[in-house]
Amino acid sequence: MKKILLLIMSMLSFHSYAACDESWKKADYEQNIHSYKVINKTFFHSTPDDNSRNNKLFLISNNTFVGFLKSGGYEFGRYTRKDGSIVMGWLKDDDLSETEKTNTPEFNGADLSIYSPNGNIELSSSFEGFYKAWGRCGKKEQLETGAWSNYISKGDETYKYFDNYWKGFIIRSSNINYKHFGDDFDLYRITTITVINNKYITGRGIYVGMNENEIINAYGEPTSRSKDKISYHFKNNTLSFMLDNDVIKNIILEESIL
759 MKKILLLIMS MLSFHSYAAC DESWKKADYE QNIHSYKVIN KTFFHSTPDD
809 NSRNNKLFLI SNNTFVGFLK SGGYEFGRYT RKDGSIVMGW LKDDDLSETE
859 KTNTPEFNGA DLSIYSPNGN IELSSSFEGF YKAWGRCGKK EQLETGAWSN
909 YISKGDETYK YFDNYWKGFI IRSSNINYKH FGDDFDLYRI TTITVINNKY
959 ITGRGIYVGM NENEIINAYG EPTSRSKDKI SYHFKNNTLS FMLDNDVIKN
1009 IILEESIL
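Following the numbering used here, the numbering of the sequence shown begins with 759 at its first residue and continues without gaps.
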């Protein structure tokens, strides 16, 4: 395995939607899984705080919002647009009315991202696009560790990957399945996200430090289960929760080679 520093990263332009995770509070929220109807126009917040309002992102009366966590008068959850895309964030409790029934859908394509105040980290998305938003937050780690590169093979195909380190998570970018996606060989996508601290949240409100029962509450019965690992599968994608005495220590989202 060869350790290299991706100098090209320093040449990419980037902007930040929020401060890096040093300024974020550690997740210490209460699980609260409910479906809601929006009763008043309400704005998304990046954190459960009045000062984090996104003035360009809001829901209107009668929109449906599925909540997973609560904290200080806010609910964390997601809204599904008509095109199937997902918007995640925090809404004020006062603008929501709880409905009678809350369904727990099977793990699906809407579950392939990690939420943070700096924006979602999407599995299978462009690594270059990700770095434009996150490069500033990872400068120190990139300079200290560089990126680990290696190759992985399946059948007659050989692919290259890079492991890139941030304070709270690790990103593996690779060109696996490039033919399936119609991509160039040199286009790298995010194919593994490993969360290692509790400042990042799954699309159903699960974070490092929560327990096994809370995972089941949010996702239902897993595809596979052992003493130290619970996994959910959708097509060639897997969400795994690594456990230590029933408590989550790491969260891994991974795309497998087709």
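Built from N, CA and C at the ideal position, the CB exists for glycine as well.
Which of helix, strand or coil DSSP assigns to residue i
i, result
"Arg983", "strand"
"Phe865", "coil"
"Tyr889", "helix"
"Gly825", "strand"
"Ser804", "coil"
"Asn876", "coil"
"Asn812", "strand"
"Asp921", "strand"
"Glu1013", "strand"
Beta bridge counterpart(s) of residue i as assigned by DSSP
i, result
"Tyr837", "Val845"
"Trp1008", "Note on residue identity: the sequence assigns Asn, not Trp, to residue 1008. Note: Asn1008 sits in a beta bridge opposite Met1000."
"Thr916", "Ser911"
"Lys795", "Thr822, Ser855"
"Leu817", "Thr800"
"Ser884", "Arg947"
"Tyr787", "Its beta-bridge partners do not exist; DSSP assigns none."
Residue i burial status per 10 Å Cβ neighbour count (16 or more: buried)
i, result
"Ile818", "exposed"
"Arg839", "exposed"
"Ser998", "buried"
"Asn863", "Reading off the sequence shown, one finds Pro at residue 863, where the question assumed Asn. Burial call: exposed."
"Gly926", "buried"
"Lys937", "exposed"
"Lys912", "exposed"
"Thr996", "buried"
"Lys957", "buried"
"Thr860", "exposed"
"Tyr909", "exposed"
"Phe943", "exposed"
"Ser843", "exposed"
"Ile934", "buried"
"Ser984", "exposed"
"Asp779", "buried"
"Asp841", "exposed"
beta-carbon residue i near the ligand HEM non-hydrogen atom, thresh 6 Å
i, result
"Lys828", "Absence of the ligand HEM from the depicted structure is noted, as is the absence of any ligand whatsoever, leaving it without description."
Distance between beta carbons of residue j and residue i, contact taken as under 8 Å
i, j, result
"Gly831", "Asp851", "5 Å"
"Glu972", "Ile964", "7 Å"
"Phe823", "Tyr794", "5 Å"
"Ser932", "Tyr923", "That belief does not hold up - the Cβ atoms of Ser932 and Tyr923 are roughly 15 Å apart, past 8 Å."
"Ile959", "Leu1011", "Between Leu1011 and Ile959 the Cβ distance is about 12 Å, and since that is not below 8 Å, they are no contact."
"Phe816", "Lys828", "That pair is no contact at about 19 Å."
"Gly961", "Tyr873", "6 Å"
"Ile948", "Ser883", "5 Å"
"His792", "Glu856", "5 Å"
"Val966", "Asn975", "Val966 to Asn975, Cβ: 17 Å. No contact."
"Ala891", "Gly877", "6 Å"
May I have a chain-ordered list of the alpha helix (DSSP H) segments no shorter than 4 residues that lie completely inside the segment 923-1006? Runs of the alpha helix (DSSP H) inside the segment 923-1006: 936-939, 970-977.
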